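The numbering of the sequence shown is the numbering used here, which starts it at 1 and goes up by one.
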Amino acid sequence: MTSGCAIRDKYVKMYQSIHLRMMTHFSSQGLNIALKLIDEEVIIDWEKQWKTTALTYPSNAGFDWNQLYKEKYRGKCKRLDLAIYKDGALEGLIFGKITSGRLVIRIDYLQGSPLAKSELKGQITAIATIYATYVGLTVEAQHISIVNPVNSMVEEHYRKHGFEYGRYYGRFIKKTMYRPITEM
């Protein structure tokens, strides 16, 4: 499958290789998850499985993933995207990008399933951080950032995963939390 964008095709190969490494790693620890890039099929799963709840559940920010995919990310060659599944259930979604200087793996949108029966409740940030770390190590980035945490409770959750506000690359970017990339 080619996207018509050589950069995207290169990133897709990298992401798919990372997906396999991560699924093997998690499987060896007894956690069988499936990872894939966000596409029309994932958006259909989002609409069927958690759209109504996701758009009204405040702690999950109410992101409209269909709108994000179609209007903001679909044509972006350097987008970072990930859909996390467990037993056929959509458990998490991520959109972001690798910054132009490849110094930062930026997560713009991160959401776990809003459903009470979610098997991965509370684990999506950890999975997203591992994914961004693998990507960062591959492209030799220095940090992972999460943009615009939706509230103080979410900020505290991100802090537990090593993210902090600070001055990076000579500037302080409001509402962006960073974490250094270290070897796995």
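Ideal Cβ placement from N, Cα and C applies to all residues, glycine included. Remember, predicted model here, so these are calculated numbers, not experimental data.
- [ ] For Thr-182, name the three-state secondary structure that DSSP assigns.
- [x] If DSSP states are grouped into helix, strand and coil, Thr-182 belongs with coil.
Open item on the list: Would Asn-148 and Lys-117 be called neighbours here (beta carbons separated by less than 8 Å)?
Closed with: Not closer than 8 Å, so no.
Open item on the list: Given a cut-off of 8 Å on the beta-carbon distance, is the pair Leu-103 and Gln-49 in contact?
Closed with: In this structure, Leu-103 keeps its C-beta atom at 8 Å or more from the C-beta atom of Gln-49.
Task: For Lys-10, three-class secondary structure by DSSP - done: Taken through DSSP and simplified to helix, strand or coil, Lys-10 comes out as helix.
- [ ] Can you say whether Tyr-158 is buried or exposed, counting buried as having 16 or more other CB atoms within 10 angstroms of its CB?
- [x] Its Cβ being crowded by 16 or more others within 10 Å, Tyr-158 is buried.
Task: Nearest residue (CA-CA) to Gly-136, options Arg-21, Thr-182 and Val-12 - done: Per the Cα distances, Thr-182.
Open item on the list: Given a cut-off of 8 Å on the beta-carbon distance, is the pair Met-177 and Ile-146 in contact?
Closed with: The answer is yes: Cβ separation under 8 Å.
Open item on the list: Is the separation between the beta-carbon of Tyr-131 and that of Met-22 shorter than 8 Å?
Closed with: It is a contact, given that the beta carbons lie within the stated cut-off.
Open item on the list: Helix, strand or coil, according to DSSP, for Phe-172 in the structure here?
Closed with: Residue state, collapsed to three classes: strand.
TODO: Alpha carbon to alpha carbon, how far is Tyr-168 from Ala-126? Give it in angstroms, no decimals.
DONE: If I take the Cα positions, the gap works out to 22 Å.
TODO: Enumerate, from N- to C-terminal direction, the unbroken alpha helix (DSSP H) stretches of 4 or more residues contained entirely within the region 80-144.
DONE: Within the region 80-144, the complete alpha helix (DSSP H) runs of at least 4 residues are 124-139.
- [ ] Given a cut-off of 8 Å, decide if Gly-92 and Leu-187 are closer than it, judged by their beta-carbon atoms.
- [x] The shown model of the chain, from 1 to 184, leaves out residue 187, and the question about it has no answer.
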